[in-house]
Amino acid sequence: MKAEALRIDADRLLARLGTLAEIGAIEGGGCCRLALTDEDRAGRDLVVRWMRELGLEVSIDPIGNIFGCRAGTEAAAPVMAGSHIDTVRTGGRYDGNLGVLGALEAIATLNAAGVRTRRPLVVAVFTDEEGARFAPDMLGSLVYVSGLQLEEALATVGIDGAVLGDELRRIGYAGAAPLGIHRPHAYLELHIEQGPVLDAEGVTIGAVENLQGISWQKIAITGQSNHAGTTPMRLRHDAGYGAAAVGNFLRQLARELGGDQVCTMGRVALHPNLINVIAARATVCADLRNTDEARLREAERRLAAFLEELARAEGLRITSRPLARFEPVRFDPGLVQLVERTAARLGYTHRRMTSGAGHDAQMLARICAAAMVFVPSVRGISHNPAEHTETADLAAGANVLLHSLMELAA
Ligand code: GLV
Ligand code: MN
Ligand code: MN
Numbered sequence: 000m001k002a003e004a005l006r007i008d009a010d011r012l013l014a015r016l017g018t019l020a021e022i023g024a025i026e027g028g029g030c031c032r033l034a035l036t037d038e039d040r041a042g043r044d045l046v047v048r049w050m051r052e053l054g055l056e057v058s059i060d061p062i063g064n065i066f067g068c069r070a071g072t073e074a075a076a077p078v079m080a081g082s083h084i085d086t087v088r089t090g091g092r093y094d095g096n097l098g099v100l101g102a103l104e105a106i107a108t109l110n111a112a113g114v115r116t117r118r119p120l121v122v123a124v125f126t127d128e129e130g131a132r133f134a135p136d137m138l139g140s141l142v143y144v145s146g147l148q149l150e151e152a153l154a155t156v157g158i159d160g161a162v163l164g165d166e167l168r169r170i171g172y173a174g175a176a177p178l179g180i181h182r183p184h185a186y187l188e189l190h191i192e193q194g195p196v197l198d199a200e201g202v203t204i205g206a207v208e209n210l211q212g213i214s215w216q217k218i219a220i221t222g223q224s225n226h227a228g229t230t231p232m233r234l235r236h237d238a239g240y241g242a243a244a245v246g247n248f249l250r251q252l253a254r255e256l257g258g259d260q261v262c263t264m265g266r267v268a269l270h271p272n273l274i275n276v277i278a279a280r281a282t283v284c285a286d287l288r289n290t291d292e293a294r295l296r297e298a299e300r301r302l303a304a305f306l307e308e309l310a311r312a313e314g315l316r317i318t319s320r321p322l323a324r325f326e327p328v329r330f331d332p333g334l335v336q337l338v339e340r341t342a343a344r345l346g347y348t349h350r351r352m353t354s355g356a357g358h359d360a361q362m363l364a365r366i367c368a369a370a371m372v373f374v375p376s377v378r379g380i381s382h383n384p385a386e387h388t389e390t391a392d393l394a395a396g397a398n399v400l401l402h403s404l405m406e407l408a409a
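All residue numbers for the sequence shown refer to numbering that gives the first Met the number 0, where the first residue is 0 and numbers rise by one.
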C-alpha cells in the first residue's frame, strides 16, 4: 500500500484506550490515576508492555519519563510524539492518554504496513503532567528540558505529604536513562481540546498555534480560632472568610481583566473545619491563566494587592507561594502549518486555535520545533469522568498525527 493511503485502525486505538481506562476506573467512565500512585504504575506497566510488543526500545529516565524508540533508517535526531497517562482525581479517559496511545497506534500502523522512516520515531510518556498531586504541572517534561533540577523535582511534596522521589522509586520508575535522552528534531502531541470550540463549530482538527501562560499559587491564611456563637463579628479574624473572599475576588478579577483571563479557586482547605469554630487557618490554591504575559502579570499584581488589603482589613496573616509559573508559548509555525496541511489533505475540517490547558508540548517547545493536534471534546467537558470524544474524531486526530510524523521523519 502506498504510504499516502495508510490509515490508523480506529478499533485498535479504541480498544487500547478502553483497556488503559480500566486501570483506576471511576464511576461515569473516567479514571483516577494520580501521578506515581499504584494506578499510575499499573498504567505505565501496560503501556510499556504495548511498547515492547510493538518492537520499541524502552528507556526510562530518572524522573520516570518513558520513551519507546522505533529505529529509523538513519541515526538522525528522532521525531517524538506523546503526552501523559496520569490523570486528575476525577479525570476522563482521553486527556493525555490519547496522545500516548495515538502515537502507539501510528507506530502499529507503520509496523503493519512495513513502512520505515528515515528518522527514528519516539513515543514519550511524561511523568506528572497534571500536577494535581505534585506541583508544578508538566513536571516530567519540565525536568526533561532542564527547566527544573532533578533533585528539586524529586524533593517535591505532594498534597498527601508523599515525596515524589520516594514514590517514583516505590513504583519502580526511577530509571537510569540519561535525562534528555532522544533529544528530538520535532515534537508533536495529539490531545483532546478539553474546551468547547471545535465541538461548537463542528470542526474536526485544531492546529494549536499557542498556549496560555499559567500561574499557580498556594495562599496560606492564618486567623484565630474562636467560638462561632460568642465572638462578635467585629472581633473576628476568620480565615474561612478570608478564603471565601479570595474565591470571590478571583471571579471578579477575571471579569475585570476580560479577554482571555481565567481564574479558578479549585482547592480550599479549612482548619479545624468544624461548623461551630471560626477557622484558624485556610489554604487556597489559585489558578490564573492568560495568553498574554503582561496581562497575566497584571492579574498576579492585582491578586497580591488584594491579599495585602484583605490581611490588613481582617487582621489575618496571609502568605502566598508560587506552585507553577509558565509563560505563554507560541508553537513552531512550520509545524502548525504541517498539521493544517495534513488535515486538509486527509479531508478533515480544521482551524487554528489556542490551548487553554497546559501540555507537555509547551515544555518541549523550549528545545525543539513543537506543536499540537486537537480533536473535539463533546460539550467541551474535561477533567471530568464525562469527558468524551467521538471515535471518528479520535481516528481523525491519530491519522493527522501519523501522516505528520511520517512527513517529519522522512
Ligand atoms: C493540566 O492539565 C492543566 O492545564 O492544568
Ligand atoms: Mn493533558
Ligand atoms: Mn489534564
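The C-beta atom is built at its ideal place from N, Cα and C for all residues, glycine as well.
These figures come from a predicted structure and were not determined experimentally.
Item                                                                                                                                                                              : Value
When every heavy atom of ligand 1 is checked, does at least one fall within less than 7 angstroms of the C-beta of Gly357?                                                        : yes
Can you list, in chain order, the residues of its chain with a C-beta nearer than 8 angstroms to that of Pro327? Leave out the 5 residues immediately preceding and following it. : Asn209, Leu210, Gln211, Gly212, Asn289, Thr290, Asp291, Glu292, Leu295
With a threshold of 7 angstroms, establish whether the CB of Glu255 neighbours any heavy atom of ligand 2.                                                                        : no
Quick check: Ala360 and Val338, are their CB atoms within less than 8 angstroms of each other?                                                                                    : no
To the nearest angstrom, how far is the alpha carbon of Leu97 from that of Pro61?                                                                                                 : 24 angstroms
Excluding sequence positions up to five away, which residues of its chain have a Cβ less than 7 angstroms from the Cβ of Ala20?                                                   : Cys30, Arg92
Evaluate Met79 with the Cβ neighbour count: other Cβ atoms within 10 Å of its Cβ, from every protein chain shown; 16 or more gives buried, anything less gives exposed.           : buried
How about the region 68-77 and the region 170-183: do they share at least three Cβ pairs that are nearer than 8 angstroms?                                                        : yes
For a quick check, are the C-beta atoms of Val276 and Thr341 less than 8 angstroms apart?                                                                                         : no
Which residue comes first and which comes last in the beta strand (DSSP E) that contains Ala41?                                                                                   : From DSSP, Ala41 is part of no beta strand (DSSP E) but of the alpha helix (DSSP H) over 37-52.
Give me the DSSP bridge partner(s) of Asp286.                                                                                                                                     : Trp215, Thr263
What first and last residue would you give for the beta strand (DSSP E) that runs through Ala154?                                                                                 : Per DSSP, Ala154 belongs to no beta strand (DSSP E) and is neither H nor E.
Would you call Leu16 buried or exposed, if buried means 16 or more other Cβ atoms sit within 10 Å of its Cβ?                                                                      : buried
If you run the structure through DSSP and keep just helix, strand and coil, what is Arg294?                                                                                       : helix
For Asp94, verify whether its CB is less than 7 angstroms away from any heavy atom of ligand 3.                                                                                   : yes
Report yes or no: do the region 24-44 and the region 129-143 share at least 3 C-beta pairs separated by less than 8 angstroms?                                                    : yes
Determine whether the beta carbon atoms of Thr126 and Gly63 lie at a separation below 8 angstroms.                                                                                : yes
By DSSP's criteria, Met371 is part of a beta bridge. Which residues make up the other side?                                                                                       : Glu188, Val207
Identify which residue in Ala343, Val374, Gly346, Ala368 has its Cα closest to the Cα of Ser354.                                                                                  : Val374
For ligand 3, I want to know if Glu129 counts as a neighbour, meaning its beta carbon is within less than 7 angstroms of at least one of the ligand's heavy atoms.                : yes
Output the distance between the C-alpha atoms of Ala395 and Gln260, rounded to the nearest integer angstrom.                                                                      : 31 angstroms
So the candidates are Phe248, His382, Ala243; which of them puts its Cα closest to the Cα of Leu269?                                                                              : Ala243
What three-state label does DSSP hand Ser403 in the structure shown?                                                                                                              : helix
Under 8 angstroms by Cβ, that's how I've got His358 and Glu188 pegged, so tell me the actual separation to the nearest angstrom.                                                  : 6 angstroms
Count the other C-beta atoms from every protein chain shown that fall within 10 angstroms of the C-beta of Met232, then say buried if there are 16 or more, exposed otherwise.    : exposed
So what does DSSP say about Met0, is it helix, strand or coil?                                                                                                                    : coil
Which residues does DSSP list as the beta-bridge partners of Leu269?                                                                                                              : Ala281
Per DSSP, what kind of secondary structure is Phe305 in: helix, strand or coil?                                                                                                   : helix
Go through its chain and collect everything with a Cβ distance to Leu55's Cβ below 8 angstroms, but skip five positions before and after it.                                      : Gly67, Cys68, Arg69, Ile106, Val122
If we ignore side chains and look at the alpha-carbon of each, how far apart do Gly205 and Leu393 end up?                                                                         : 12 angstroms
Along the chain, which unbroken stretches of the beta strand (DSSP E) at least 3 residues long are found entirely within the region 327-358?                                      : 349-354
Nearest-angstrom Cα distance between Gly171 and Asp44?                                                                                                                            : 10 angstroms
Once you ignore the five residues that flank Asp237 on each side, which residues in its own chain have a CB closer than 6 angstroms to its CB?                                    : Gly222, Ile277
Kindly indicate which three-state DSSP category Met232 falls into: helix, strand or coil?                                                                                         : helix
Taking the alpha carbon of Asn110 as the point to measure from, which residue in Gly194, Leu407, Met50, Gly28 has its own alpha carbon closest?                                   : Met50
Which class does Arg11 belong to by DSSP, given the choice of helix, strand or coil?                                                                                              : helix
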